[in-house]
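Heads up, the sequence shown is in my numbering, so the first residue is 59 and it goes up one at a time.
Glycine residues also receive a C-beta, built at the ideal position from the N, C-alpha and C atoms.
Being a predicted model, the structure only gives us computed values, none of them experimental.
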Amino acid sequence: MEMLKYIEDLRDKLHRHNYLYYVKDNPEISDFEFDQLLNELVLLEKEYPQFFDLNSPTQRVGSSLSNSFETYNHKYRMYSLENSYSKQDVLKWNERLEKNLSQKNLSFSCELKLDGVSVSLSYEKGFLVRGLTRGMVYKVMM
């Protein structure tokens, strides 16, 4: 039961930091520190599946959506990205991608991720006409 208590405390800590970040807009820890705690929880939940909890921070992405905007469908699905903190993380990701696609020697354009929002921007004749968040993958708010 010690491990269950540790996992529950870790979940509570992550829920608190999610609240501070998304609701209060006043984080107390860096995104890196949050990701480290979340990764620890992911590993513990894999190791102790008997302690699974549907309300765990590992079971959700982002915050709840506002219903004050018009909804649109994405032209293409927006996927979540995994975090990487080292060259080794990127190389492992590339190996998984090559395996899943059954293709080698893929080319990439990589940029540093700035914290913020995932967004899909649509332009017509050089003018921005729509900006969509990832939302619920297909149907989103504008």
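Nearest neighbour of residue i, chosen from the options [CA to CA]
i      : options                           : result
Met61  : Lys71, Gln108 and Ile87           : Gln108
Asp89  : Glu182, Val148, Lys157 and Ser142 : Ser142
Leu170 : Glu140, Ser180 and Glu153         : Glu140
Leu102 : Val187, Asp67, Gly189 and Lys145  : Asp67
Thr129 : Leu99, Ile87, Phe110 and Arg188   : Arg188
Glu86  : Leu99, Lys71 and Val100           : Lys71
Met136 : Phe185, Lys145 and Leu179         : Leu179
Tyr64  : Lys82, Tyr106, Lys183 and Gln117  : Tyr106
Lys133 : Met59, Tyr181, Asn84 and Leu99    : Tyr181
Whether residue i touches residue j by CB criterion (8 Å)
i      : j      : result
Ser138 : Arg69  : no
Ser176 : Thr191 : yes
Glu153 : Lys162 : no
Which residues DSSP lists as bridging residue i, in chain order
i      : result
Val58  : Outside the displayed span of the chain (59 to 200) sits residue 58, for which this structure offers no information.
Glu182 : Phe185
ask   = Given 8 Å as the limit, is there contact between the region 95-104 and the region 69-87, that is, 3 or more CB pairs closer than that?
value = Enough Cβ pairs lie closer than 8 Å, so yes.
Completely contained beta strand (DSSP E) runs for the region 96-148, where each covers 3 or more residues = Taking only runs of at least 3 residues, the beta strand (DSSP E) segments lying wholly in the region 96-148 are 129-131.
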